[in-house]
Structure formats: structure tokens, C-alpha cells
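Residue numbers (the working numbering), protein chains in the order written: chain H, 1428 to 1649; chain L, 383 to 969.
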């Protein structure tokens, strides 16, 4: 077993971040208050810093609100890669592997873990570049399997339930006015026509407590 | 191989059709029945805290695990097939209940002329209008014969909707193009989310005839004839790809299993992967002697049975017939054989994407709380001057938008797909974006079929099923026409920026369309062109019944579940009323 590595997240800046809602109203988004020191499951510390830097350009923290850094997208991706998804536990991986037209889907042999390991080698030193230089590097690799995966995972890490490590403090959901897994909208679905209805978000942890049934995310399966 | 004591009926597959057959036979006879399901059991309350978009809708927790078995695909017979390494364009379920657990509950009937699509098209437009390589055929059953079973299926589910053709009278607010109904829906329509209301009002003002999707998800508390009571929908927006948290959506596990658990003559065995149907010659016919399967511990087991019902998911029914070498495999060159012919999907197309100024609150909804128009379905409109036959429904879904799958759509003016500009636009438009979609009929063609793949194998070493499937000009021209209609309605709905969908290209295995595949073991009035009779009885082996959408000779534009339930009930009636009294071909 390799030495356990940690990623320290300076999430303190999130607390009380001022953003604008879909109606243009100022809203204070709440998030994690304390800096976090999170054990990494798959990435080395160096890899995690590269992923954090790249996802922060894909979904930046800027005037339109918090982004991948505040949502802990890197933690989300690290856990996904460490779990069954990362090793392609549910993909058909029998040979032969042959190139196909895109309509047939990804035909490669490499697992998500391998795609990241290789892709991140190409990004060496990325976290020390200026934002403009970082964007140029990413633009040059936009069509690669690795970049497409990174973009997809960034969106997943922004908007997944916090139980998966991303969307910390439900910050992604607050950004777009999504209330999470609400049990019932029966009294609201035929009202609010044309008006924003933005109930306070709930998450799976709260639901699990209400039902007394712990939820086991798939990435914790092994 | 271990051989078990014989049973009267062995049913392969524990989804909608298999469990319904078990319930129908189990309740009305003393037959000893075993249902073999390859997936696992479901715990009571399993779905209660399962409202997790990532694990269920993205990582596909309820779907068939492709690592052990998938299908291969090629567009035409001269091409090499590739395995679909991650199922995506359709999503078969796994576990008890199968795909019936994670559906949206949209339950229209098929139009009457779907069942005689070849005859009715010929009569109206002449032989010359049929596509050159079509394999259209009549079903050997009429809408009128099936109507009482549609009523029974709707009563079982407790469907919610507005009749549009009640005993021949057009009804305002319903689909006036539908076949005649002998009675109203058991329940009134579901509630109307904002987007559905926008579509309804726009379509009406353009002179079309909008109607709420017929819905298996209830609008009120409903108790069906089996005594199963379900609550009304809560519009939480977690239907498709999820099991229902409160049981408002009928699923085999909440509608059929509780009844089966009271029937001591029915046994459900999970973790049992059926690999072959065993059969022997009996004169000119065959007789199925039982099924062999691998059980949960990896042991090979033979289950002898007097009657076998093949009720696995559509494509797998065909695969098991081919693996068992039961009946002649279809050959598209000689056009001999029938097992594997008439593979169809459903033409599911985005139509038009529209961006509004106002928010839509799209997180609230239900899988079947959409609205549609039937003005361009089937032959409701004249095709004499159009470059295609048949049609479909133009519609909106209000299934409850979830953020991972729906974030990121931006107007055409935004050129980037990541970074600050894209992020800002995507946040702004997240809850202001919708699509007016299209669900259309997919004709059957000689060149769209299934056989066994010569290269790729499943986890047991058996060949995968190979699909040879592509769209033709009929579907492409249909989509082009319907995209225009979708854009017209989208403009009327007040969409500020409208992006018409791209033309239909080649069959694409990457983006989700629907899980509605049909064919492979099709029904008909002649063994020359069909695998099963209109009672779903195998032509070659009279003690075998092959149920499910594998029996549909073509896709009917509408979603298939209600029709497959109705056909299963009709088959069960024939087994109880006719076959058991006089085993042999049901006349």
C-alpha cells in the first residue's frame, strides 16, 4: 500500500460568498467553513493539484459564482477513480479492442484510472502556469478522451449529491437553484408558473437520517 | 449438471411480462410455476433513499451490467460489428422487475392501424410507396381484438389520462386520433407542470390537439382489482432510471410481487441466468423440455418443465432462441428463417431546443406528466405528397430535470463548452431551457435484424447478440418534417432562441434514445414470416410462449409497455382457456 497522501482545501473563502441568483437578486451562498485536509484515495498529491488547477479553469470561480474549487470537485473525481467506476467494473472490456466510428462509443482499452494517469503526465507543471497559459494548454487538448472525461467529471462534481464528495455545502445546487432530492412537489407543481420557485435544498444525508436508512454511494463499494 | 424435479411452467425473466404471466397463470390455475430471474432480489424500501442522480442516472445502478454481457452493433451486413461497451442508447434493467422498475410510466395504446400497417399503407398509397427493403407485415391481431386487454392492462396499472375517442365520440382535451376506447381512463390526468402547460396552450392556439400523456403514475389513490393500493404522484422528478420512492409509479415489484407472494404455487428464483432452452423433436414440431441456467452459486442447473415462457428483455428473448437453435435463424439474403428479423428501435429525436426568458421550475415533474399532439402520428395526416410514411407524436416531457444530465446547454451564440463565458451562460439558462421532442414510428426493414456475434462473448463464453441496425430515408425525412413542427410549436411557446435539432444521421449507440426495442421473435399469422402466433405461441414448439416486445413486428411510435402487458394477458387467457384443455397449437 502506498503512503497515504492528503489534499488540503482552502475552502474557508466559501463561507458567505456573495453571488447573484437567477433573478439577479444577491444571495449569500453558504459552504464549508473550515479548511479541510482530505485523504486521497487515488491521486498523488501532485496529481490532485493538477486536477484542481484544470477543473478550476473548466468551471472557474469568478463573478458568476463559485466553481470547481469551492465544490471540492477534485475530491469527487479522486473517489470516483478509486471506486468501481475508475477500474471499469461495469464496462464490457473483452478484447479485441478496435477503433470505430464515434457512433459506437468509446472502444478503448484504457480505464478511467489509466486515462487520468496518462493524461496528467501531459499536464506536468500546469498548476504553476498563469490562467491564460492554462486555458491555452486545455484548448490544445479539447478533443482528447482525457479532456472530455475531465469536463464531464467536473460537471458531475459540481452537481452530484454531496455524499459523493463534490458539490460541497450544496454549493453547485445553490448556484442554479436546484433543491436536491425533495420528497414532494405535489403542492407546488401547478403553481409558480413563470416565477422562480427555489426551496431550500436538501441532500441524501438528510433523507437517509429521516428514513433511518444509510445511503452507500457506489464509490465506497470496494 | 444438476437436474431439478419438473415443474408445470418455467418462466425465464422476472420483469413486466414474466411476472404478469406468473400472476395470471398462478391465480387461475394450480400449476406449479417457477420464475427464473438472473438479477437479484429487491429489498423492501430499497428506493426510499435512492434519489441519487449520480449513482442511478449516470452510473446506471439499476441497469444491465455490460461487463458481463452487452450486444454488438453494426450499421449494415458488410460492416464489422463493435461491442457497445457501455450501454447508452437503450438501457435494459437488471434485478427483479427489470426495466419495469425504472420506466417513466407513459402508457399510450398503439393506433389501430399499427396492427395492420402493411395492409393499410398498401390500401391507401399503393405498393409503390413502400420502401424498397421494407419488411412491414400485419400482426395477425386487430386493435378491436386487443381493446378489452388494453382495458384490463389500464385497470391493472390504474392509468391516468383523458380519453380522446370514447366509444367513437371525439373528446376535447384528449387525443382525438387514438383508437376507440370502450371506457374512460381509471383516473383523471396527472397535474400539469409549467412546461407542459406552455406546450398545451401553444399547440392548441396553432390548431393542434394537445393531450396529457397517458400515465401509469397515478393522479389519485388507486386500488386495482388485485387489491393493490398505490398513492398519487408527488412530482419529485425521480422516475426514469429510478425506482419510485413512494410506490406511486407501478413497477413489477410493487404491483405484481405482492400478489405473487400470496400464491403458494409460484416460486421466484433470483440470480439464475438462463442460457438455453432444451428441446427435442416431436414429429414435425419441437417440444421444449426445460431450461438450463447457472444459479447464484455458479452451478449449472436443468429445470424440466411442461410449458416454458420466454419473458426476458426484448433482445435477450431473441438471443436465447438463437443460442438454443430453436426455429430457423433469419437470413436477410435468402429471406428464409424468422428468428432475429424485424429489429426496430423508436425514432426519438430532440426536435427543437428552446431558451426562455422566464424560469421553468423544471425540477418538479413526473415521468409521464408531459403533453403531446397526435396530429402527425401514424396516418392521421396525408402522406401522398410527403417523402415518408407514418409519423409520431411531437411532445414535451416534464420528467423533473436533474442537474448533472441537464447542465451546460447554452444558446448558439456561446461558442465555448467550458470556462467563464460558458459557465455564466449555462447557469443563466439552466432552468430556462427545454426541448420539444419527437417520438416516431420505426418501420421494419429486411436489413435490420439480429444474429449471434462471431467474435465477442459473454461472461459464460456464449456469443453476444449482434444487432445490424440503421435508420433509412423514411426515418430521416420524417425527423426533418417533425423538427419543423417542433420549432413551430417552440416559437409559439415563447422560446426566445430556438435551435432546431440536427438531422437524423446513422444509428448512434452513444446517446440515450429510448429503451423501446422491438422484434426478433415477431408475431404474425404465418410461420413463414413470424416466430410466434398472435397468442405468442411459438410456431415450431407449441409448449413455448415468447412474450414481450420481441413479438412486435414493428415499432408503433408509442411506448410499448401497455401493449406488451395487454398481449401477455391475452396469451395467458389462451393458455388457461385453450392450451391447458387441449395442449397443442392454439387455433
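Yeah, the Cβ is synthetic: ideal placement off N, Cα and C, and Gly gets one too.
- Among the bridge pairs identified by DSSP, residue 1581(H) is matched with none.
- Among the residues of the region 1616 to 1631 of chain H, those with a Cβ less than 8 Å away from any Cβ of chain L are 1616, 1617, 1619, 1620, 1621, 1622, 1623, 1624, 1631, in the order of the chain.
- Taking 8 Å as the cut-off, the Cβ atoms of residue 683(L) and residue 405(L) do not count as close.
- Contact annotation, residue 1511(H) with residue 1645(H): C-beta distance approximately 6 Å; criterion of less than 8 Å satisfied.
- The beta carbons of residue 841(L) and residue 450(L) sit closer together than 8 Å.
- Sorting 561(L), 606(L), 754(L), 540(L) by C-alpha distance to the C-alpha of residue 547(L) places 561(L) at the top.
- In the three-state scheme derived from DSSP, where H, G and I count as helix and E and B as strand, residue 415(L) is classed as strand.
- Measuring C-alpha to C-alpha distances from residue 879(L) to each of 494(L), 946(L), 496(L), 793(L) identifies 793(L) as the nearest.
- Annotation: the continuous beta strand (DSSP E) that includes residue 927(L) extends over 926 to 928.
- Distances from the alpha-carbon of residue 1471(H) to those of 1547(H), 1542(H), 1607(H), 1497(H) put 1547(H) closest.
- Taking the Cβ atoms as the reference, residue 532(L) lies roughly 7 Å from residue 944(L), within the contact range of under 8 Å.
- In this model, residue 1538(H) and residue 509(L) are separated by some 52 Å (Cα to Cα).
- Judged by their CB atoms, residue 727(L) and residue 883(L) are not nearer to each other than the 8 Å cut-off.
- Around the Cβ of residue 830(L), a 10 Å sphere holds 16 or more other Cβ atoms; the residue is buried.
- Within chain L, no C-beta atom comes nearer than 7 Å to that of residue 1561(H); the closest sits roughly 10 Å away.
- DSSP, reduced to helix, strand and coil, places residue 554(L) outside both helices and strands of the structure shown, so it counts as coil.
- Classified as buried, residue 432(L) has 16 or more neighbouring CB atoms from the shown chains inside 10 Å of its CB.
- Counted as a single uninterrupted DSSP element, the beta strand (DSSP E) harbouring residue 816(L) occupies residues 815 to 822.
- Residue 735(L): member of the beta strand (DSSP E) spanning 729 to 737, first to last residue.
- The beta-carbon of residue 1469(H) is placed no less than 8 Å from the nearest beta-carbon of chain L.
- Cβ neighbours of residue 719(L) within its own chain (closer than 7 Å, five residues either side excluded): 710, 711, 712, 713.
- Restricting attention to 618(L), 646(L), 938(L), 889(L), the CA atom closest to the CA of residue 495(L) is found in 938(L).
- Residue 1562(H) sits in a helix when the DSSP states are folded into three classes.
- One thing to note: residue 735(L) has its Cβ no nearer than 8 Å to the Cβ of residue 775(L).
- Residue 601(L) and residue 615(L) do touch by the CB rule: their CB atoms are close to 7 Å apart, below 8 Å.
- At least one CB of chain H lies nearer than 8 Å to the CB of residue 800(L).
- Look at residue 720(L) here: in three-state DSSP terms it is coil, with no helix or strand label.
- Under the 10 Å beta carbon count, residue 763(L) is surrounded by fewer than 16 other beta carbons and is classified as exposed.
- Using a CB distance cut-off of 8 Å, residue 1492(H) counts as an interface residue toward chain L.
- In the DSSP annotation of this structure, residue 875(L) is not part of any beta strand (DSSP E), being labelled neither H nor E.
- Distance from the CA of residue 530(L) to the CA of residue 864(L), rounded to the nearest whole angstrom, comes to 32 Å.
- Taking the C-beta atoms as reference points, residue 475(L) is found no nearer than 8 Å to residue 652(L).
- Cβ-Cβ separation between residue 825(L) and residue 518(L): approximately 6 Å, consistent with a contact (criterion under 8 Å).
- Judged by pairs of C-beta atoms under 8 Å, the region 833 to 848 of chain L does not touch the region 798 to 807 of chain L, as fewer than three such pairs exist.
- Runs of the beta strand (DSSP E) lying entirely within the region 828 to 872 of chain L, each at least 3 residues long, are 831 to 839, 845 to 850 in chain order.
- Sorting 442(L), 582(L), 569(L) by C-alpha distance to the C-alpha of residue 868(L) places 582(L) at the top.
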